[in-house]
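Trainee: If you read the protein sequences in the order shown, they are chains A and B.
Be aware that the first sequence starts at 182, since it is given in my numbering, and climbs by one per residue.
Be aware that the second sequence starts at 182, since it is given in my numbering, and climbs by one per residue.
A virtual CB, placed ideally from N, CA and C, is assigned to each residue, including glycine.
Number of protein chains: 2
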Amino acid sequence: MKKYEEIYTDIKNKIINGDYTATEQLPFEKDLCEAYNTSKMTVKRALDLLVDEGLIIKRRGSGTFVKDLSRKEIERITRSNHLSGFTAYHSNSGRKVTNKILAFEVIQADELVQDKLNLKPGSFVYNIHRVRYVDGKPIVVEKTAMPIERVPGLERKHLETSIYEYIKEELGLKIQSAHRRVTVKKADQDEALHLGIEENDPIAVTEQITYLDTGDTIEFGVTKHRADSFASENIVSS
Amino acid sequence: MKKYEEIYTDIKNKIINGDYTATEQLPFEKDLCEAYNTSKMTVKRALDLLVDEGLIIKRRGSGTFVKDLSRKEIERITRSNHLSGFTAYHSNSGRKVTNKILAFEVIQADELVQDKLNLKPGSFVYNIHRVRYVDGKPIVVEKTAMPIERVPGLERKHLETSIYEYIKEELGLKIQSAHRRVTVKKADQDEALHLGIEENDPIAVTEQITYLDTGDTIEFGVTKHRADSFASENIVSS
DNA sequence: GAGTGGTCTAGACCACTAT
DNA sequence: TAGTGGTCTAGACCACTCT
Numbered sequence: 182m183k184k185y186e187e188i189y190t191d192i193k194n195k196i197i198n199g200d201y202t203a204t205e206q207l208p209f210e211k212d213l214c215e216a217y218n219t220s221k222m223t224v225k226r227a228l229d230l231l232v233d234e235g236l237i238i239k240r241r242g243s244g245t246f247v248k249d250l251s252r253k254e255i256e257r258i259t260r261s262n263h264l265s266g267f268t269a270y271h272s273n274s275g276r277k278v279t280n281k282i283l284a285f286e287v288i289q290a291d292e293l294v295q296d297k298l299n300l301k302p303g304s305f306v307y308n309i310h311r312v313r314y315v316d317g318k319p320i321v322v323e324k325t326a327m328p329i330e331r332v333p334g335l336e337r338k339h340l341e342t343s344i345y346e347y348i349k350e351e352l353g354l355k356i357q358s359a360h361r362r363v364t365v366k367k368a369d370q371d372e373a374l375h376l377g378i379e380e381n382d383p384i385a386v387t388e389q390i391t392y393l394d395t396g397d398t399i400e401f402g403v404t405k406h407r408a409d410s411f412a413s414e415n416i417v418s419s
Numbered sequence: 182m183k184k185y186e187e188i189y190t191d192i193k194n195k196i197i198n199g200d201y202t203a204t205e206q207l208p209f210e211k212d213l214c215e216a217y218n219t220s221k222m223t224v225k226r227a228l229d230l231l232v233d234e235g236l237i238i239k240r241r242g243s244g245t246f247v248k249d250l251s252r253k254e255i256e257r258i259t260r261s262n263h264l265s266g267f268t269a270y271h272s273n274s275g276r277k278v279t280n281k282i283l284a285f286e287v288i289q290a291d292e293l294v295q296d297k298l299n300l301k302p303g304s305f306v307y308n309i310h311r312v313r314y315v316d317g318k319p320i321v322v323e324k325t326a327m328p329i330e331r332v333p334g335l336e337r338k339h340l341e342t343s344i345y346e347y348i349k350e351e352l353g354l355k356i357q358s359a360h361r362r363v364t365v366k367k368a369d370q371d372e373a374l375h376l377g378i379e380e381n382d383p384i385a386v387t388e389q390i391t392y393l394d395t396g397d398t399i400e401f402g403v404t405k406h407r408a409d410s411f412a413s414e415n416i417v418s419s
């Protein structure tokens, strides 16, 4: 493990365990350098990770302090959301993910998809339409477009489990980031039917463009979430 | 301006202007060091900002590349949302923000507020309840709790314009970050009335804890948004 | 093997805060 | 004025990709 990760993890654990409590001052960078037998840049980097994560703040001229966080807020940050797919996310909690496939076809990308995925006119994409269940309960209905040449050999069986797993494990591709947008609307008849809710009930809509570590787009997806199983968290800075 | 910010801005502009296009390879770090007459760490830092922002990706052993971004996606990222208050955000677009004050009182923090703001039992907070309008149209209804000792001298007139402005300009405090959570629900009768929508229409609910640059909590707010004027965007990594 | 980006160092100097 | 964190350097060595 990298040195700055070790320092980061160590200090983070001390905050979680209460060795450093809310608003408490951390040792100075100079002292941390000695304690961890390392240089200033490395300590700074470790601390900056904690700043980004929202656990500490730094004040030039004064020192470094744990934020005025409640226990619950620390917990919330701790199990913070890095990018993980639907299947991975829910399976980690020991729940069972199943999918109903409503459509699986290859079509020419329409203008919206072309634009979002930055494709040439006439490009072909998989068009995937699924309802996704956790422990038998419908959670989201999802429409996804994926450029066929970037996901060769995609089959129906992959949709029934996890497309991301296929992309990662079998194709050996790495997903690097996703650009996400959350809005809110009334469920139409179709959405209500699939999600087991009433028409006009509120739903959350997330639009997502996913990128590989090569920088190429791999997916444009629009996901409709049942209101009772949706939450989105993030930390805004500066 | 700091050197790494200059490099960051320069490269960012080149991407926005199309000097570097989607999927194009950037010069190597070594060459950028020469071009900007600086050291590797500084160039790396500038590039890492662009990575965080979602504009480029780096591949060890290969090089650095512009992401496969559409023009619209570049625009979207460009006018990206740092932390800005309601008034500042909407006024920047030349629109007029007004507020209707439904409640302004000092009360003992209830358990929820105590917990979120990490306050001692019995602490007093301002309890503020406002409807906020942009160009006369109701956009959000907002309930905010602020510890009185951290916002001394808050008056009704500040609520009618911008509390953040008072905090920043008159108290000289600096807001550093906010922890946000987005959920979705049906509007109740009260919310519908204030927002000018129908009961049971969908609304977005954001819960926010705001921190000063001292690390202290300054605000716990719950905001109900009209669906037609709400969107939340973010980039998820790793 | 040559070349990329990633980590880390030891230290200089700067901007800011406290006293 | 002393001490904090912030920026920046010049260079070493490592992990990885490509050919």
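Is the number of C-beta pairs between the region 265-284 of chain B and the region 384-398 of chain A that are closer than 8 Å three or more?
Mentor: No, the region 265-284 of chain B does not touch the region 384-398 of chain A.
Trainee: With 7 Å as the C-beta to C-beta threshold (strictly closer), list the residues of the region 322-356 of chain B near chain A in chain order.
Mentor: none
Trainee: So what does DSSP say about Ala284 (chain B), is it helix, strand or coil?
Mentor: Here Ala284 (chain B) sits in strand by DSSP.
Trainee: Taking His339 (chain A) as the reference, give the member of A:Arg407, A:Lys281, A:Ser358 and A:Pro302 with the closest Cα.
Mentor: Put simply, of A:Arg407, A:Lys281, A:Ser358 and A:Pro302 the residue whose alpha carbon is nearest the alpha carbon of His339 (chain A) is A:Lys281.
Trainee: If you check the beta carbons only, do Tyr189 (chain A) and Leu250 (chain A) fall under 9 Å apart?
Mentor: no
Trainee: With a threshold of 6 Å on Cβ separation, who are the neighbours of His360 (chain B) within its own chain once the five nearest residues in sequence on each side are excluded?
Mentor: Ile390
Trainee: Under DSSP, the beta strand (DSSP E) around Lys239 (chain B) begins and ends at which residues?
Mentor: For Lys239 (chain B), the uninterrupted beta strand (DSSP E) segment begins and ends at Ile237 to Arg240.
Trainee: Is there at least one Cβ from chain B nearer than 9 Å to Met182 (chain A)'s Cβ?
Mentor: no
Trainee: When the cut-off is 9 Å and only beta carbons count, does Pro208 (chain A) lie next to chain B?
Mentor: Taking Cβ atoms only, chain B never reaches closer than 9 Å to Pro208 (chain A), which makes this a no.
Trainee: What does Thr398 (chain A) reach in chain B if we use C-beta pairs closer than 7 Å?
Mentor: Asp249
Trainee: Please report whether the beta-carbon of Asp200 (chain A) lies at a distance below 9 Å from any beta-carbon of chain B.
Mentor: no
Trainee: Which same chain residues end up closer than 8 Å to Glu210 (chain B) when comparing Cβ atoms and leaving out the 5 residues on each side of it in sequence?
Mentor: Lys221, Val224, Lys225, Leu228 and Thr245
Trainee: State whether the region 370-382 of chain B contacts the region 194-209 of chain B, with contact taken as three or more CB pairs (one from each stretch) at a distance under 8 Å.
Mentor: no
Trainee: Using 9 Å as the threshold, is the C-beta distance between Thr398 (chain A) and Leu300 (chain A) below it?
Mentor: yes
Trainee: If we ignore side chains and look at the alpha-carbon of each, how far apart do Arg276 (chain A) and Val315 (chain A) end up?
Mentor: 6 Å
Trainee: Quick one: Cα of Met327 (chain A) to Cα of Lys349 (chain A), how far?
Mentor: Taking the straight line from one Cα to the other gives about 14 Å.
Trainee: Once the 5 residues before and after Phe261 (chain A) are set aside, which same chain residues still bring their CB inside 8 Å of it?
Mentor: In the sequence as presented, Phe is not what sits at residue 261 (chain A); that position holds Ser. Result list for Ser261 (chain A): Glu234 and Glu414, in chain order.
Trainee: May I ask you to report which of helix, strand or coil DSSP gives Asn194 (chain B)?
Mentor: In the three-state reduction of the DSSP assignment, Asn194 (chain B) falls in the helix class, which pools H, G and I.
Trainee: Check the C-beta distance from Ser418 (chain A) over to His263 (chain B) and give it rounded, since I have them as a contact under 8 Å.
Mentor: 7 Å
Trainee: So, Val306 (chain B) versus Leu298 (chain B), is the Cβ gap smaller than 9 Å?
Mentor: When the beta-carbon positions are compared, Val306 (chain B) and Leu298 (chain B) come within less than 9 Å of each other.
Trainee: Identify whether Ile378 (chain B) lies in helix, strand or coil by the three-state DSSP scheme.
Mentor: coil
Trainee: First and last residue of the alpha helix (DSSP H) that includes Thr223 (chain B)?
Mentor: Lys221 to Glu234
Trainee: How far does the beta strand (DSSP E) with Leu393 (chain B) in it reach, from first residue to last?
Mentor: Per DSSP, Leu393 (chain B) belongs to the beta strand (DSSP E) from Pro383 to Leu393.
Trainee: In terms of residue numbering, what span does the beta strand (DSSP E) encompassing Lys318 (chain A) cover?
Mentor: First-last of the beta strand (DSSP E) with Lys318 (chain A): Lys318 to Pro328.
Trainee: Check the Cβ of Phe246 (chain B) against every Cβ in chain A and list those closer than 8 Å, keeping chain order.
Mentor: Thr395 and Gly396
Trainee: Quick check on the burial criterion: 16 or more other C-beta atoms within 10 angstroms. Buried or exposed for Ile288 (chain A)?
Mentor: exposed
Trainee: Alpha helix (DSSP H) containing His271 (chain B): first to last residue?
Mentor: Phe267 to Ser272
Trainee: Establish whether the CB of Pro319 (chain A) and some CB of chain B are separated by less than 9 Å.
Mentor: no
Trainee: So if I threshold CB-CB distances at 7 Å, which residues from the region 402-415 of chain A count as touching chain B?
Mentor: Ala408, Phe411, Ala412, Ser413, Glu414 and Asn415
Trainee: Buried or exposed: which applies to Asp371 (chain B), given that a residue is buried once 16 or more other Cβ atoms fall within 10 Å of its Cβ?
Mentor: Around the beta carbon of Asp371 (chain B), fewer than 16 other beta carbons sit within 10 angstroms, so the residue counts as exposed.
Trainee: Which residues bound the alpha helix (DSSP H) around Gln295 (chain A)?
Mentor: If you look at Gln295 (chain A), you'll find it in the alpha helix (DSSP H) that goes Glu292 to Leu298.
Trainee: How far does the beta strand (DSSP E) with Arg311 (chain A) in it extend, from its first residue to its last?
Mentor: DSSP places Arg311 (chain A) in the uninterrupted beta strand (DSSP E) bounded by Phe305 to Val315.
Trainee: Closest to Ala284 (chain B) by C-alpha separation, out of B:Glu323, B:Arg252, B:Asp291 and B:Arg241, would be which residue?
Mentor: It is B:Glu323.
Trainee: Using DSSP bridges, identify the partner residues of Arg407 (chain B).
Mentor: Paired residue(s): B:Ile384.
Trainee: Should Asp371 (chain B) be flagged as near chain A, meaning a C-beta pair shorter than 9 Å?
Mentor: no
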